[in-house]
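Numbering (my numbering), first residue to last: 95 to 418. Where is the CB? At the ideal position from N, CA and C, for every residue including glycine.
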């Protein structure tokens, strides 16, 4: 995008959501006031994490109030894994949504996804627990999958004890981890079953030159094929089998999975990942719904406070979680 635009929407594709364009323009103006604009995707990962927190703080507007937000942690293989509980009401609810944030397995946190976590809790009326799984490259694959496994096993046991249901959700790399965990539980016959999956613009298959990558993988609106390759390279150790379904779940068996609600962004290079996963789930006789939100880029849910389309999508996801 050109750096000298002054009018919201100038230089954007014709089908770009006007509200989304206005948000990006406001964020860019705010960033310019703070100093030179830096492409966080080009930063070392430690710096990129800090930059993302600053970027997301500028988008944390119109946040729904929670009855309580509580912090906990559990130990997994000697590591402390943080848990943040978003409780929308004072009423106790035995069911819950476990949420895995996005960030290419290398960045992101409950702080960066505070908007999504709050809106999903409000939309569903259910407590939402965000997991601070270990990040690469300090903790490469399969560390994150092991963190998720340990926490989901713990929470599912508690949920069953109190007669509730556990819904597993995530966006981008977090959607990848959520799907991988559902497949693991199916393979091992873990009980209780995951009640439903909420998968938001996830990465499910190997990077290719298919349609959405060719159309939107240049990085004009954030995520690019180059960035995706860099982050994947940091997550997957050298010599690992790139065809491992725990890395690319679209390459594995998909039968026997819980009902799934898939969300894709219309201007996202990962659009075809969701389309392909939806098709594969249906072929495997898994109940699956796909919602494509037009005119928005990857990560748009983080603007739910100011973007009606994002709020509507999270409301749909919340209803699916309740009804599944």
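State the DSSP-derived secondary structure class of residue i, mapped to helix, strand or coil.
{"i": "residue 317", "result": "coil"}
{"i": "residue 329", "result": "helix"}
{"i": "residue 354", "result": "strand"}
{"i": "residue 385", "result": "strand"}
{"i": "residue 283", "result": "coil"}
{"i": "residue 200", "result": "coil"}
{"i": "residue 412", "result": "helix"}
{"i": "residue 217", "result": "helix"}
{"i": "residue 394", "result": "helix"}
{"i": "residue 401", "result": "coil"}
{"i": "residue 303", "result": "coil"}
{"i": "residue 379", "result": "coil"}
{"i": "residue 236", "result": "coil"}
{"i": "residue 371", "result": "helix"}
In angstroms with no decimal places, state the Cα-to-Cα distance between residue i and residue j.
{"i": "residue 310", "j": "residue 350", "result": "33 Å"}
{"i": "residue 488", "j": "residue 187", "result": "A question about residue 488 goes unanswered here, because the residues of the chain that appear run from 95 up to 418."}
{"i": "residue 219", "j": "residue 235", "result": "33 Å"}
{"i": "residue 345", "j": "residue 146", "result": "31 Å"}
{"i": "residue 402", "j": "residue 383", "result": "21 Å"}
{"i": "residue 308", "j": "residue 129", "result": "33 Å"}
{"i": "residue 125", "j": "residue 132", "result": "9 Å"}
{"i": "residue 98", "j": "residue 120", "result": "Below a pLDDT of 50, predicted positions are generally treated as unreliable, and residue 98, at 30, falls in that range; no measurement from the model is reported."}
{"i": "residue 81", "j": "residue 326", "result": "Nothing can be reported for residue 81, as the shown portion of the chain is limited to 95 through 418."}
{"i": "residue 151", "j": "residue 381", "result": "36 Å"}
{"i": "residue 157", "j": "residue 183", "result": "15 Å"}
{"i": "residue 318", "j": "residue 379", "result": "32 Å"}
{"i": "residue 108", "j": "residue 139", "result": "34 Å"}
{"i": "residue 361", "j": "residue 279", "result": "32 Å"}
{"i": "residue 143", "j": "residue 202", "result": "6 Å"}
{"i": "residue 137", "j": "residue 200", "result": "12 Å"}
{"i": "residue 118", "j": "residue 416", "result": "32 Å"}
{"i": "residue 68", "j": "residue 347", "result": "This structure gives no information on residue 68, because the portion of the chain shown stretches from 95 to 418."}
{"i": "residue 229", "j": "residue 238", "result": "7 Å"}
{"i": "residue 181", "j": "residue 251", "result": "19 Å"}
{"i": "residue 196", "j": "residue 211", "result": "12 Å"}
{"i": "residue 432", "j": "residue 179", "result": "Residue 432 falls outside the range modelled here, since the chain spans only 95 to 418, and no answer is possible."}
{"i": "residue 340", "j": "residue 282", "result": "14 Å"}
{"i": "residue 411", "j": "residue 262", "result": "12 Å"}
{"i": "residue 375", "j": "residue 301", "result": "19 Å"}
With a threshold of 16 other CB atoms inside 10 Å of the CB of residue i, please say whether the residue is buried or exposed.
{"i": "residue 215", "result": "buried"}
{"i": "residue 70", "result": "Shown here, the chain extends from 95 to 418; a query on residue 70 therefore has no answer."}
{"i": "residue 257", "result": "exposed"}
{"i": "residue 148", "result": "exposed"}
{"i": "residue 322", "result": "buried"}
{"i": "residue 249", "result": "buried"}
{"i": "residue 372", "result": "buried"}
{"i": "residue 343", "result": "buried"}
{"i": "residue 398", "result": "buried"}
{"i": "residue 368", "result": "buried"}
{"i": "residue 392", "result": "buried"}
{"i": "residue 303", "result": "exposed"}
{"i": "residue 448", "result": "Given that the chain is displayed from residue 95 to residue 418, the structure contains no residue 448 and the question cannot be resolved."}
{"i": "residue 265", "result": "buried"}
{"i": "residue 454", "result": "No information on residue 454 is available, as it lies outside the stretch 95 to 418 that the chain covers here."}
Spell out the partners DSSP gives residue i in its beta bridges.
{"i": "residue 359", "result": "387"}
{"i": "residue 223", "result": "179, 192"}
{"i": "residue 294", "result": "265, 357"}
{"i": "residue 260", "result": "190"}
{"i": "residue 312", "result": "318"}
Checklist entry - Residue ranges of each alpha helix (DSSP H) run of no fewer than 4 residues wholly in the stretch 103-186, ordered along the chain? => result 112-128, 139-151
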